[in-house]
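**Student:** Here you go, one structure.
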Amino acid sequence: MAQGGLKKSAGPAKKKTHKKQEKMRKGSRQIAPKQTTLVKQRALEKKLTAQINKNIEKQMSVKANAVGKLTIMKKLAEETATADKKNKKK
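Each number in this note's numbering comes from the position in the sequence shown (counting from 1) with 9 added on.
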(Lines of atoms letter the chains of each structure in order from A; the text may use other names.)
(Lines give C-alpha, C1' and ligand atoms only; values in the text may rest on other atoms or scores of the structure.)
Protein backbone atom coordinates (compact mmCIF):
# COMPACT_ATOMS: atom_id res chain seq x y z
CA MET A 10 0.00 0.00 0.00
CA ALA A 11 1.04 3.51 -0.62
CA GLN A 12 1.54 5.86 2.22
CA GLY A 13 -1.72 6.55 4.01
CA GLY A 14 -4.78 4.47 3.43
CA LEU A 15 -7.89 5.43 1.58
CA LYS A 16 -10.15 7.83 3.37
CA LYS A 17 -13.71 6.80 3.86
CA SER A 18 -16.17 8.86 1.93
CA ALA A 19 -18.53 10.93 4.00
CA GLY A 20 -21.69 9.07 4.94
CA PRO A 21 -25.13 10.30 4.05
CA ALA A 22 -25.98 13.66 5.57
CA LYS A 23 -28.05 13.40 8.73
CA LYS A 24 -31.55 14.70 8.46
CA LYS A 25 -32.53 17.45 10.85
CA THR A 26 -35.42 16.38 13.01
CA HIS A 27 -37.96 18.74 14.45
CA LYS A 28 -38.65 18.56 18.15
CA LYS A 29 -42.19 17.59 19.00
CA GLN A 30 -44.06 19.97 21.20
CA GLU A 31 -44.37 18.47 24.62
CA LYS A 32 -47.97 19.34 25.35
CA MET A 33 -50.57 21.28 23.47
CA ARG A 34 -52.26 23.84 25.63
CA LYS A 35 -56.01 24.07 25.55
CA GLY A 36 -57.86 27.24 24.72
CA SER A 37 -57.65 29.95 22.14
CA ARG A 38 -54.53 32.00 21.59
CA GLN A 39 -54.71 35.76 21.81
CA ILE A 40 -52.14 38.28 20.72
CA ALA A 41 -51.66 41.02 23.28
CA PRO A 42 -52.71 44.45 21.99
CA LYS A 43 -50.05 47.09 21.40
CA GLN A 44 -52.19 50.18 20.92
CA THR A 45 -52.74 52.12 24.13
CA THR A 46 -56.52 52.32 23.73
CA LEU A 47 -56.77 48.57 23.24
CA VAL A 48 -54.47 47.94 26.21
CA LYS A 49 -56.69 50.09 28.43
CA GLN A 50 -59.80 48.40 27.10
CA ARG A 51 -58.36 44.94 27.80
CA ALA A 52 -57.36 45.98 31.33
CA LEU A 53 -60.84 47.35 32.02
CA GLU A 54 -62.46 44.19 30.68
CA LYS A 55 -60.23 42.05 32.89
CA LYS A 56 -61.08 44.14 35.95
CA LEU A 57 -64.81 43.97 35.28
CA THR A 58 -64.81 40.21 34.75
CA ALA A 59 -62.91 39.79 38.02
CA GLN A 60 -65.52 41.89 39.83
CA ILE A 61 -68.37 39.93 38.27
CA ASN A 62 -66.80 36.61 39.26
CA LYS A 63 -66.21 37.82 42.80
CA ASN A 64 -69.80 39.00 43.02
CA ILE A 65 -71.10 35.64 41.83
CA GLU A 66 -68.94 33.86 44.40
CA LYS A 67 -70.32 36.09 47.15
CA GLN A 68 -73.89 35.34 46.11
CA MET A 69 -73.16 31.62 46.01
CA SER A 70 -71.57 31.72 49.44
CA VAL A 71 -74.55 33.59 50.89
CA LYS A 72 -76.91 30.98 49.44
CA ALA A 73 -74.70 28.18 50.70
CA ASN A 74 -74.59 29.67 54.16
CA ALA A 75 -78.37 30.05 54.25
CA VAL A 76 -78.97 26.41 53.35
CA GLY A 77 -75.98 25.03 55.21
CA LYS A 78 -75.10 22.39 52.61
CA LEU A 79 -72.01 23.87 50.98
CA THR A 80 -69.38 24.20 53.68
CA ILE A 81 -66.61 24.90 51.17
CA MET A 82 -67.71 28.49 50.72
CA LYS A 83 -68.60 29.11 54.36
CA LYS A 84 -65.49 31.21 55.02
CA LEU A 85 -66.30 33.52 52.14
CA ALA A 86 -69.89 33.78 53.34
CA GLU A 87 -68.76 34.82 56.79
CA GLU A 88 -66.58 37.55 55.30
CA THR A 89 -69.46 38.90 53.24
CA ALA A 90 -71.80 38.76 56.23
CA THR A 91 -69.43 40.82 58.37
CA ALA A 92 -68.92 43.28 55.51
CA ASP A 93 -72.69 43.63 55.10
CA LYS A 94 -73.13 44.27 58.84
CA LYS A 95 -70.49 47.01 58.75
CA ASN A 96 -72.18 48.65 55.78
CA LYS A 97 -75.59 48.57 57.49
CA LYS A 98 -74.21 50.23 60.64
CA LYS A 99 -72.87 53.18 58.65
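For glycine and all other residues, C-beta sits at the position ideal for the given N, C-alpha and C. Model, not experiment: these values are computed from the prediction.
For Glu66, which three-state DSSP category applies?
**Tutor:** helix
**Student:** Quick one: grab the DSSP three-state call for Ile61.
**Tutor:** helix
**Student:** Tell me, please, whether the segment 89-97 touches the segment 58-74 by the rule of three or more beta-carbon pairs shorter than 8 Å.
**Tutor:** Contact holds: three or more Cβ-Cβ distances are below 8 Å.
**Student:** Taking C-beta to C-beta, are Lys67 and Thr89 nearer than 7 Å?
**Tutor:** yes
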